[in-house]
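Using UniProt numbering, the letters of the sequence shown map in sequence onto residues 1 to 148.
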Amino acid sequence: MAYSVRELLARLIKCEAGGEGENGMKGVASVIMNRVNVAAGEYLRTGQGDVRKVIFQPGQFDCATSVLAGVANPQTIWASPPEQIHYDIADWAIAGNRLYTVGESLWYFNPFLPGCPNEFPFNGSGTFQVSVVNHCFYNPTALYYKTR
Numbered sequence: 001m002a003y004s005v006r007e008l009l010a011r012l013i014k015c016e017a018g019g020e021g022e023n024g025m026k027g028v029a030s031v032i033m034n035r036v037n038v039a040a041g042e043y044l045r046t047g048q049g050d051v052r053k054v055i056f057q058p059g060q061f062d063c064a065t066s067v068l069a070g071v072a073n074p075q076t077i078w079a080s081p082p083e084q085i086h087y088d089i090a091d092w093a094i095a096g097n098r099l100y101t102v103g104e105s106l107w108y109f110n111p112f113l114p115g116c117p118n119e120f121p122f123n124g125s126g127t128f129q130v131s132v133v134n135h136c137f138y139n140p141t142a143l144y145y146k147t148r
């Protein structure tokens, strides 16, 4: 049986940001839904407004793949069921809410270093927006909108 969109989103929130507190999890949920609703560029083409396509786009979310660099990934959306807080944040995001500080961010990552690089991805298609707990968030630049 396939997971519902709500279940998938709750699982991804838990796996990607379960230790980041409520704002960290809301930031991740905001990025996912920003990708679902983006008006142009790569994520419109590949995601087509579909949460499943956004979550399972290859190379985007480590938690949505069972193998990383040829090794079994122990931390996946299938390995740990969500708790009520993850469902609540999934519902919040599906209802159209976003963490305002994240803005229109389409990317996030944890650099495992103090501070955030000014650009991510490093091709210049995203520029630093905000840091939330351990994740850096990036808004699209004009270059992103030229991606197909």
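The beta-carbon is built from N, C-alpha and C at its ideal position, and this holds for glycine as well.
Can you tell which of the options has the C-alpha that lies nearest to the C-alpha of residue i?
i, options, result
"glutamine 60", "Gly47, Val71, Gly70", "Gly47"
"glutamate 119", "Gly70, Pro140, Val133", "Pro140"
"lysine 53", "Gly115, Val36, Pro111, Asp62", "Val36"
"alanine 10", "Glu83, Gly24, Tyr100", "Glu83"
"asparagine 97", "Ala39, Phe109, Tyr3, Val31", "Val31"
"tryptophan 107", "Gln75, Phe128, Leu113", "Phe128"
"glycine 18", "Ala142, Ala2, Ile85", "Ile85"
Quick check on DSSP: helix, strand or coil for residue i?
i, result
"tyrosine 100", "helix"
"valine 130", "strand"
"asparagine 139", "strand"
"leucine 8", "helix"
"alanine 72", "strand"
"valine 28", "helix"
"valine 38", "coil"
"glutamate 119", "strand"
The beta strand (DSSP E) that contains residue i, what's its start and end?
i, result
"tyrosine 108", "107 to 109"
Identify the continuous alpha helix (DSSP H) that holds residue i and give its terminal residues.
i, result
"threonine 46", "42 to 47"
"residue 153", "Given that the chain is displayed from residue 1 to residue 148, the structure contains no residue 153 and the question cannot be resolved."
"glutamine 84", "84 to 94"
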